[in-house]
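Worksheet: one structure, shown below.
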Amino acid sequence: MSSVRGMGVSPGRNVLSVLFFIVLLSEGHIRWVEAQHCVWYGQCGESQVVHGKKYNCNYTGPAKPLPADGYDLLKELCPGYNYGNRSLCCDVAQLSTLKDALQVPLQFLSRCPACFFNLINLFCELTCSPHQSQFMNGTQFNGTNVVEVDYYIGETFANGMYNACKDVEAPSSNVKALSMLCGKDAKECTATNWIEYMFDINNGQTPFPINPIFTDVPVAGHTPMNNKTFACTEGLDDGSGPCSCQDCTKACGPKPVPPPLPPPWTILGMDAMTVIMWISYMAFLLVFIGAVLGTWCYRKRTIMSEYGPILDSNNPLSLNSDNPDQVNASCCETMGERFENAMRICFSNWGSFCVRHPSVVILGSLILVVACSGGLVYMQITTDPVELWSAPTSQARQEKDYFDSHFGPFFRTVQLIITTPINNNTIYSPYPIGSDVPFSAILDLDMLHQVLDLQLQVEGIVATYEGQNVTLKDLCLAPLAPYNDNCTILSVLNYFQNSHEVLDHSVGDDFYTFTDYHSHFLYCVSAPATLDDMSKSHDPCLGTYGGPIFPWLAMGGYDETNYNNATALVITFPLNNYQNDTVKLGKALAWEKEVITFMKSFHNPNLTIAFNTERSITDELNRESNSDISTIVISYAIMFIYISLALGHIRSFSRVMVDSKISLGIAGIVIVLSSVSSSLGIFSYFGVPITLIVIEVIPFLVLAVGVDNIFIIEQTYQRDERMPQEELHQQIGRILGDVAPSMFLSSFSETVAFFLGALSNMPAVRTFSMFAGLAVFIDFLLQISCFVSLLGLDAKRQEENRLDIVCCVKLPDRQETKTDSFLFRFFKNVYAPFILKEWVRPIIVAVFVGMLSFSIAVVNKVEVGLDQKLSMPDDSYVLQYFQNLSMYLHTGPPVYFVVEDGLNYSSAEGQNMVCGGVGCNNNSLVQQVYDASLISNYTTIAFTPSSWLDDYFDWVKPQSSCCRYYNTSGAFCNASVLNPSCVHCRPMTPSGKQRPQGQDFMHFLPMFLSDNPNIKCGKGGHAAYATALDFNKSGVGASYFMTYHTILKESPDYIDALKMARNLAHNISQSMGHKVFAYSVFYVFYEQYLTIAYDTALNLSVSLLSILLVSTVLLGFELWSAVLVSLTIAMILVNMFGVMWLWSISLNAVSLVNLVMSCGISVEFCSHIVRAFSISVKKNRVERAEDALAHMGSSVFSGITLTKFGGILILALSKSQIFQVFYFRMYLAIVLLGATHGLIFLPVLLSYIGPSVNKAKALAANKRYAGTEREHLLNY
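With this note's numbering, the residue at position 475 of the sequence shown is 519, and numbering never jumps.
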């Protein structure tokens, strides 16, 4: 028994055990019951920290049933507790306070239902949970007031809530919503510091300290609040869908990856074009040298003459043959000879008439010139860059017109970029905690005061226009007018309300500064649209004009988003643009002029300022044009003097004034200028506006063509011997018959080429081509009429030994021996024989083909675009602005994605195609632009677009206090109005929570567009979207969604940005099935560069083709001669590209005009030589080439080459960079390449592969000169 008792339990101990267990149970029950009590209930005294807020009342009893009048609020805010008798630890007043506190987070976070649900959960548990004491502990009390609590929050819950909210966007400000709710930039925001900030008493919203304690395990007897959270990819139990990709990165597919850049085209690691052209050139040299050596060996064996034909198998014709009539000419040769003879007869008769009746011809020419030039009275000079560079039918121009007509023209700007030479960075140490933050010298408090002084001085500038004072207020962009007429000023100082007093705001004690301009600045750059910086000073960040100041627009020179490191401040004054109101435009121009005057005289040793106004570039271009007038005048004066002196052939000193041709030279120049004025006048009659390019370039072109023809006529006359019984008018007629076909060939070729160039889509090129084509043709007509008559009069004066200019003075008659000019003798006896020597010709061919090969290799390397800095004078203040713009700014121009009229925004389908929130299409407009911003280095799209549609949906939600109206009148009731008759626009029902459609959508939209942002509703659309949509009674018409390009520095950046934006707009249009286009203010200027390579190739090809066709006909149907002319001109053009690459000249409208002009001038260098070769009847190609070069080469050299060379050199002295680059460099290249090809390469080419003698022309020449003194010259 003892053993059994030892194994059992005694009855006494059993009773004690049961009693102990009961006590434990009862103790646990008591603790569990205690855990169910409240920490507070109701509201008591006023908060001593945040005025207008109240403390909660200390209460540790059980939860109380909510009064019935709070059921709707409970259902709206905390639907999880809307069951049973609704026993809670809060009353209706606390729910109302909670609703007010959640208004700002609601407006920014409700775009993502999961995010906002989790956030409300956090606050509902804190405010109303019947189990408050489980996770809350009152730590300080003041009578009945709870003045501090600890809130135990699960780390899992905190992280889940943060992860659901971290990607939510704020559409109107292009930043993450947490930037406005976390007290710092979203990138620095974490789950813990976000919640700590929301519960921090210093944020201006929390009436007493709430100390969050993050833990997933019980601490000090408290179980953390660790409710379930919804991920942003999950839908809610109430049917709300998952968040959109824009607001939830995890909801997106794979991040878009930009396509790889095409690899450079290389062969063996070297540029492919260079390798190909090098190999081609080597192959050519081998074949060419082999052919030359083979021919030389063959000739040595057959003992032929050095000047024997290389490619001719026999001598085509000997004029000394016994029976020349037996020569059989082909049909084409016969037809060509007849055409040539017909032109000779026509021009001979006309020349004879002009010499016989000079008064009729000169008077008739004068009347015609005056009549044509009379149109200059109606001349309109176009200086508008849009009209110059963008055709009215171009895509960019039509899109600009569409944008301007629907949303108004893009505003004018006055912009200052401010830096400092001082390098004195400071360190800011936040109190009570936080890492040290460096502040750059330009953000020093004293420096900011100096910048603000400057800003206020600019604001106070008063201009005068037609007797009226004009101020910034009269012109500026004020988006909230008339409620708020403050001007939009995009400046860091607007964070401080443009006030010295606010800039000096600070709160602290004797030991520490709690908040000052440093903390306000750091808060505002992360949340620029907030109305309260949540500090003890409660200063707003929103600008005085009612809109945000985005830091990337107001600062420069920082790294990433460390705006505190900014080295430049940017102040921008946007002004309204009055394109169609001359009075208001005049006021704007007058005020901008005063700004320029003030800024030029402003001096502060601590500030370095670069500035620009809307009128600055135009002013500087005009100043540049005026300063270049003297340069141009000197250039033309040198050419005029040279022409006047070089035209005559002075035989002896005693006959200087007789043999000089000063008056004839001046008359020739007047004819050239008359042709230009006639061309300008004729087109002015038809209302065609004139551009500065026409005025600057055409006189140069026509002078080149005209002077060449003048020298040819005059020098041919000087070298000619008058035949027996031939009168002066017959001699000049015969000379004109010889040379006029050549002049007609070059002039008509150029005219046709220019007129075909007028088919270009580029207004500058088209206008130039039209004016140039007509001017060249009029010049030709005046030269074969008026100049021939003047030549006849001058010849009579010279024969009568009368002095030039002073015609009434006559010298005694003397017998003078007629001699050829030095230049003619040099060309005939030295130059032509030398370059056509057998050993020289292969070297020339090798050199010129080498130049061609090099130029072909670099054609594709010529840059496209126009550096805007080149358009400014060397001493322009705008140059410094351009440099600072590219050096400091981090954001490019705004870009608008415009949805054209016709989209139904009131339908769910139409909304989903555009919006970026919950339920929107994955390929909606906003989503596609957002995706593009993720790869901004490729797409040049910097930010998510601001979306009026998404902000409207947030604004109109029934939970928000934004959309309300007076139930008595139906008028809009602003969120800041406290009036019981103001009711929510939409009911708190499942359908009311959905996006508005149909009539509801249209009914509340005008209210949204008229609502100004305020501290209770930051989503009002008046400031941000008043001009973003074309709204009328019939509905929403066109609308835009704005974002920004990345920083664009050089022309290729702008061209790429335009291309990328258009590609993106095209993709959006295709996915929507509705027209969407991208628009930015610079597109009209850079669109030309998208097709300029094609336009250049087309213009030059058409010009060459026209020259080929005209030359074929006018050279007497000699196709091969025309081919050689066109080939040489093509070589000149290709070599021009080589020079452009070597000399860093980009391809743009200005250089294209010069290329078209070079095509025309090249005709002068080539066609005269080829025609002289084709009509030469020497024995072989070498002799014919030598003959052509001797007779025409000297005229071409003395006419066009030397004339232009002297004038061009003066252009190098111009202050204008655009003159130095596009006129001096290109004109010099045109003349040098034209002269070298026409006077060196072309004769050599003709000596090798020139056309055979036209037998019919040779026979006709033999008959025509048989028995005359000139017969022996044909064989000489």
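Every residue, glycine too, gets a C-beta built ideally from N, C-alpha and C.
Checklist entry - Applying the criterion that 16 or more other CB atoms from any shown protein chain within 10 Å of the CB defines a buried residue, is residue 1302 buried or exposed? => result buried
Checklist entry - Going along the chain, which residues of its own chain have a beta-carbon closer than 6 Å to the beta-carbon of residue 1119, five neighbours each way excluded? => result 944, 1113
Checklist entry - Hey, is the region 993 to 1005 in contact with the region 1026 to 1040, meaning 3+ C-beta pairs nearer than 8 Å? => result yes
Checklist entry - Where in the region 423 to 490 do unbroken runs of the alpha helix (DSSP H), each at least 4 residues long, occur, reported from the N-terminal end onward? => result 429 to 433, 439 to 451
Checklist entry - Could you give the C-beta distance for residue 880 and residue 1230, rounded to a whole number, given that I count them as a contact under 8 Å? => result 5 Å
Checklist entry - DSSP on residue 1001, reduced to helix/strand/coil? => result coil
Checklist entry - For the putative contact between residue 1168 and residue 1294, defined by C-beta atoms under 8 Å, what is the C-beta separation to the nearest angstrom? => result 7 Å
Checklist entry - Rounded to a whole number of angstroms, what is the C-alpha to C-alpha distance between residue 1299 and residue 385? => result 14 Å
Checklist entry - Is the beta carbon of residue 1142 less than 9 Å from the beta carbon of residue 1122? => result no
Next on the checklist: Checking the sheet assignment: what are the DSSP bridge partners for residue 1073?
Outcome noted: 1083
Item to check | Assigned exposure category for residue 365 - 16 Cβ within 10 Å defines buried | outcome: Bear in mind that the predicted position of residue 365 carries a pLDDT of just 42, short of 50, making it unreliable; the figure below should be weighed with that in mind. Label assigned to residue 365: exposed.
Checklist entry - If you drop the 5 nearest sequence neighbours on each side, which residues of the same chain put their C-beta closer than 7 Å to that of residue 926? => result 912, 913
Next on the checklist: Which same chain residues end up closer than 8 Å to residue 1084 when comparing Cβ atoms and leaving out the 5 residues on each side of it in sequence?
Outcome noted: 447, 451, 940, 941, 942, 943, 1072, 1073, 1123
Next on the checklist: Looking at the secondary structure, which residues open and close the alpha helix (DSSP H) in which residue 565 lies?
Outcome noted: 561 to 570
Next on the checklist: Using 8 Å for Cβ pairs, my map puts residue 962 next to residue 288. What's the rounded Cβ distance?
Outcome noted: 6 Å
Item to check | Rounded C-alpha distance that separates residue 735 from residue 519 | outcome: 30 Å
Next on the checklist: Using CA atoms only, rank isn't needed, just tell me which of 541, 578, 1175, 562 is closest to residue 590.
Outcome noted: 541
Checklist entry - Do you know how far the Cα of residue 733 is from the Cα of residue 426? => result 6 Å
Checklist entry - How would you call residue 830, buried or exposed, if buried means at least 16 neighbouring beta carbons within 10 angstroms? => result buried
Item to check | Host beta strand (DSSP E) of residue 99 (start-end) | outcome: 98 to 102
Checklist entry - Going straight from the alpha carbon of residue 133 to that of residue 154, what length do you get? => result 26 Å
Item to check | Residue from 1034, 1227, 874, 1126 whose Cα sits closest to the Cα of residue 283 | outcome: 1034
Next on the checklist: Please classify residue 1304 as buried or exposed, where buried requires at least 16 other C-beta atoms within 10 Å of its C-beta.
Outcome noted: buried
Item to check | Anticipated Cβ contact below 8 Å, residue 613 with residue 536, distance rounded | outcome: 6 Å
Item to check | 7 Å Cβ shell around residue 1253 - same chain, five flanking residues per side excluded | outcome: none
Checklist entry - How about the region 830 to 850 and the region 390 to 407: do they share at least three Cβ pairs that are nearer than 8 Å? => result yes
Checklist entry - So which of 481, 486, 455, 449 has the shortest CA-CA distance to residue 461? => result 486
Next on the checklist: What does the alpha-carbon distance come out to for the pair residue 801 and residue 314?
Outcome noted: 37 Å
Next on the checklist: Looking at residue 328: is its Cβ nearer than 9 Å to the Cβ of residue 897?
Outcome noted: yes
Checklist entry - By how many angstroms is the C-alpha of residue 123 removed from the C-alpha of residue 259? => result 26 Å
Next on the checklist: Tell me the rounded alpha-carbon separation between residue 975 and residue 1049.
Outcome noted: 28 Å
Item to check | Opening and closing residue of the beta strand (DSSP E) in which residue 194 lies | outcome: 189 to 197
Checklist entry - Just curious, the alpha helix (DSSP H) that residue 1286 is in, first and last residue? => result 1286 to 1293
Item to check | Contact between the region 82 to 94 and the region 142 to 149 (3+ Cβ pairs under 8 Å) | outcome: no
Item to check | 9 Å Cβ cutoff met for residue 1283 and residue 1249 | outcome: no
Checklist entry - Beta-carbon separation of residue 1226 and residue 1291 under 9 Å? => result yes
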